[in-house]
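Participant: Provided herewith is a single structure, encoded as structure tokens, for subsequent inquiry.
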Amino acid sequence: MGGTEVRHSPPVWRSPSAELSLGRADVHVWRLSLEQNPQQTKACRELLSPDELERADRFLRSEHGAHFAVSRGALRILLGHYLSREPGGLSFRYSARGKPSLGQPLGSDIQFNLSHSAGLAIFAFSRGRRLGADIEGGDRRVAPEQIARRFFSPREVADLESLPPAARKQAFLHCWTRKEAYLKAIGSGLSAGLDGFSVSLRSGEPAHLLEIDGQPGEAGRWRMQDLAPGEGYAAALCVEGAEWELRCFDGRLPVVLTRR
Numbered sequence: 571m572g573g574t575e576v577r578h579s580p581p582v583w584r585s586p587s588a589e590l591s592l593g594r595a596d597v598h599v600w601r602l603s604l605e606q607n608p609q610q611t612k613a614c615r616e617l618l619s620p621d622e623l624e625r626a627d628r629f630l631r632s633e634h635g636a637h638f639a640v641s642r643g644a645l646r647i648l649l650g651h652y653l654s655r656e657p658g659g660l661s662f663r664y665s666a667r668g669k670p671s672l673g674q675p676l677g678s679d680i681q682f683n684l685s686h687s688a689g690l691a692i693f694a695f696s697r698g699r700r701l702g703a704d705i706e707g708g709d710r711r712v713a714p715e716q717i718a719r720r721f722f723s724p725r726e727v728a729d730l731e732s733l734p735p736a737a738r739k740q741a742f743l744h745c746w747t748r749k750e751a752y753l754k755a756i757g758s759g760l761s762a763g764l765d766g767f768s769v770s771l772r773s774g775e776p777a778h779l780l781e782i783d784g785q786p787g788e789a790g791r792w793r794m795q796d797l798a799p800g801e802g803y804a805a806a807l808c809v810e811g812a813e814w815e816l817r818c819f820d821g822r823l824p825v826v827l828t829r830r
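Converting from the sequence shown to the numbering used here requires adding 570 to each position, the first position being numbered 1.
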């Protein structure tokens, strides 16, 4: 049997309190606009490591480099808050697939993931449970049926093609973000393939990991949740285990920067 959904309704995005802490049964998701003024972008760049700055400066478009710097700076600020550490002093290591984790032993089992698209970022945090998050800008020009036939499982293709044509793009984006969230949670990335497992995508269905090929019962270890980060976006969260509570927060960078 596949995993069950966490909730049917979209989460409510709230302002954080200064005393915010991350408990073992908590999953926190933040959303943050990457369209920041030069002063905020500069403040984020000042927190980055040399390799992060090099990555930011490699982008062909300066806007994309600024978005990368803001996303990584905000990640450091949020981790610094949860860990009671200076954001600029944190270091990261990367898996073979590029998934980041904390690079030094801090006596913490904090897990995190981030994703950004079209100027908006989401950050997910937990303790002791793997998780992944993905966001896609809904204004992307896609050919849902063509891409689905190439990358999705036969079950997902059939579900997508059963929908009215006008509903297929949104269903495709929900499917894509749910699948990416799961792959990011297990640290595989897209190179592992999208057709070896199935997620829900029909209109009105909650986010749900339905089955994983060759691994009976494995889908039941995971829970999915759509995030609804803003008009024109699709986003999803995938978390290991069942007993956790989701809380979603608005991150306005001047506020976040004061929350050390």
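Note that CB positions come from ideal geometry on N, CA and C, so glycine has one too. In this text the structure is predicted, and so the values were computed from the model without any measurement.
Of all the beta strand (DSSP E) runs that stay within the bounds of the region 634 to 682, which reach a length of 3 or more residues?
Facilitator: Listed in chain order, they are 662 to 664 and 670 to 672.
Participant: For residue 637, which residues from the same chain have a beta carbon less than 6 angstroms from its beta carbon, with the 5 sequence-adjacent residues on both sides left out?
Facilitator: So the qualifying residues of the chain are 604.
Participant: On a CA-only basis, which of 694, 784 and 728 is nearest residue 596? Give me that one, please.
Facilitator: Measuring from the Cα of residue 596, the nearest candidate turns out to be 694.
Participant: Is residue 686 near the ligand ZN - that is, is its Cβ less than 8 angstroms away from at least one heavy atom of it?
Facilitator: Here there are no bound small molecules, and the ligand ZN is not part of this structure.
Participant: Could you round the C-beta distance between residue 676 and residue 755 to whole angstroms and report it? I think they count as a contact, below 8 angstroms.
Facilitator: Not quite, the Cβ-Cβ distance comes to about 21 angstroms (not below 8 angstroms), so this is no contact.
Participant: Select from 630, 747 and 660 the residue whose C-alpha is nearest the C-alpha of residue 643.
Facilitator: Closest by alpha carbon: 660.
Participant: Should residue 729 be labelled buried (16 or more other beta-carbon atoms within 10 Å of its own) or exposed?
Facilitator: Burial call: buried.
Participant: Does DSSP classify residue 584 as helix, strand or coil?
Facilitator: Three-state DSSP puts residue 584 in a strand.
Participant: Between the region 807 to 816 and the region 777 to 797, can you find at least three pairs of beta-carbon atoms closer than 8 angstroms?
Facilitator: Because the criterion of three Cβ pairs below 8 angstroms is met, the region 777 to 797 and the region 807 to 816 touch.
Participant: Go through its chain and collect everything with a Cβ distance to residue 650's Cβ below 7 angstroms, but skip five positions before and after it.
Facilitator: Excluding positions up to five away in sequence, the list reads 656, 657, 660 and 830.
Participant: In three-state DSSP terms, what is residue 730?
Facilitator: If DSSP states are grouped into helix, strand and coil, residue 730 belongs with the helices.
Participant: Do you know how far the Cα of residue 789 is from the Cα of residue 571?
Facilitator: At residue 571 the pLDDT is 32, less than 50, meaning the model places this residue with poor confidence and gives no usable figure here.
Participant: Which residues in the same chain as residue 594 place their Cβ atom closer than 8 angstroms to its Cβ, once the five residues preceding and following it in sequence are excluded?
Facilitator: Result list for residue 594: 697 and 698, in chain order.
Participant: If you draw a straight line from the alpha carbon of residue 574 to that of residue 711, how long is it in whole angstroms?
Facilitator: For residue 574, the predicted model reports a pLDDT of 39, less than 50, meaning its position is unreliable; a value from the coordinates is still stated below. When rounded, the distance between both Cα atoms is 31 angstroms.
Participant: Count the other CB atoms, across all protein chains shown, that sit within 10 Å of the CB of residue 783; report buried if there are 16 or more and exposed otherwise.
Facilitator: Answer is exposed; the Cβ neighbour count stays below 16.
Participant: For residue 606, count neighbouring C-beta atoms within 10 Å of its own C-beta (all shown protein chains included) and say buried if the count is 16 or more, exposed if not.
Facilitator: Per the 10 Å Cβ criterion, buried.
Participant: Using the DSSP secondary-structure output, state which residues sit across from residue 597 in a beta bridge.
Facilitator: 696 and 816, per the DSSP bridge assignment.
Participant: For residue 818, collect the residues of the same chain with a Cβ closer than 8 angstroms to its Cβ; drop the 5 residues on either side in sequence, then sort them by chain order.
Facilitator: Excluding positions up to five away in sequence, the list reads 581, 582, 583, 584, 598, 599, 600, 601 and 797.
Participant: Determine the direct distance from the alpha carbon of residue 672 to that of residue 682, and round the result to whole angstroms.
Facilitator: Their Cα atoms are separated by approximately 9 angstroms.
Participant: Within 10 angstroms of its Cβ, does residue 609 collect 16 or more other Cβ (buried), or is it exposed?
Facilitator: The residue in question, residue 609, is exposed, as its Cβ has fewer than 16 Cβ neighbours within 10 Å.
Participant: Under a three-way DSSP split, which group does residue 718 fall into?
Facilitator: DSSP places residue 718 in helix when its eight states are reduced to three.
Participant: With residue 713 as the anchor, note down where its beta strand (DSSP E) starts and where it stops.
Facilitator: Here residue 713 belongs to no beta strand (DSSP E), and DSSP marks it neither H nor E.
Participant: Return the bridge partner residues of residue 805 from the DSSP annotation.
Facilitator: The partner list for residue 805 (beta bridge, DSSP) reads 705.
Participant: Where residue 766 and residue 589 are concerned, what is the direct C-alpha to C-alpha distance, given to the nearest angstrom?
Facilitator: Near 42 angstroms, if we compare the C-alpha coordinates of residue 589 and residue 766.
Participant: Rounded to whole angstroms, what is the Cα-Cα separation between residue 627 and residue 635?
Facilitator: Taking the straight line from one Cα to the other gives about 6 angstroms.
Participant: Measuring alpha carbon to alpha carbon, tell me which of 719, 803 and 770 ends up nearest residue 704.
Facilitator: Minimum Cα distance to residue 704 is reached at 803.
Participant: Residue 691 by DSSP, collapsed to three states: which one?
Facilitator: Here residue 691 sits in strand by DSSP.
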